[in-house]
Amino acid sequence: MKKPSNSLRRPPTPRAVRNWRRFPVHVAPMGIRYRKLASGTVLEQNLEADYVCLLKGLTIPVHAHRHTSALCLVLKGSGVLTLNEDAFAVNEGDVVGIPAGAYHGFRAGAHGLEFLSIQSPPIGEDYIFPATPQPKKK
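Here the sequence shown stands for residues 37 to 174, numbered as in the numbering used here.
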């Protein structure tokens, strides 16, 4: 007996398990290296997940995203987070919440800084680069 035709087709199943080291390394103009871990997954339309690596002394300039919030987990190293006009030391194991519209940036410490940054919705072109605020010392 012939199976009935089904007009609904299932989308292809994305690869469920991938080693993060196999994702391509992107290099931003400031020398920041990152891997876009949500690329090719079922979540890439809803969030970004980036593995970010800053070598000693490198900085992600202070900027903001109008519509995107972020959660960052420091995996290795240390550095300084600028959040609006405040500066905070960040170390391995720290979790950082960055609300949409908040000015933020990172500076790597003596041994570099590596973190996982999860943003929702995806950033796309949602950047605002201000004049860099002078953070207060804590």
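Think of the CB as a built atom: it goes at the ideal place given N, C-alpha and C, for glycine as much as any other residue. Please read all numbers here as calculations on a predicted model, not as lab measurements.
If you draw a straight line from the alpha carbon of Ala52 to that of Ser75, how long is it in whole angstroms? Here residue 52 refers to the residue found at position 16 when the sequence shown is read from its first residue. Here residue 75 refers to the residue found at position 39 when the sequence shown is read from its first residue. Straight-line spacing of the CA atoms in Ala52 and Ser75 works out to 12 Å.
Measure from the alpha carbon of Glu84 to the alpha carbon of each residue in Arg69, His99, Arg58, Thr104, then state which is nearest. Stepping through the sequence shown from its first residue, residue 84 is reached at position 48. Per the Cα distances, Thr104.
Over what stretch of residues does the beta strand (DSSP E) that includes Asp130 continue unbroken? The count along the sequence shown starts at 1 and reaches residue 130 at position 94. From DSSP, Asp130 is part of no beta strand (DSSP E); its letter is neither H nor E.
Quick one: give me the first and last residue of the beta strand (DSSP E) that Ala146 is part of. Position 110 of the sequence shown, counted from the start, is the residue given in the question as residue 146. DSSP places Ala146 inside the beta strand (DSSP E), whose first and last residues are 140-156.
Taking DSSP's pairing of strands, which residues face Ser105 in a bridge? Locating residue 105 in the sequence shown gives position 69, counting from the first residue. Ser105 is bridged to Ser156.
Which value, in whole angstroms, describes the spacing of the CA atoms of Tyr87 and Trp56? Along the sequence shown, read from residue 1 onward, the residue named residue 87 stands at position 51. Along the sequence shown, read from residue 1 onward, the residue named residue 56 stands at position 20. C-alpha separation (whole angstroms): 8 Å.
Should Ala144 and Leu91 be called a contact, given that it needs their Cβ atoms to be closer than 9 Å? To locate residue 144, count along the sequence shown from 1; it is residue 108. To locate residue 91, count along the sequence shown from 1; it is residue 55. Taking 9 Å as the Cβ cut-off, Ala144 and Leu91 qualify as a contacting pair.
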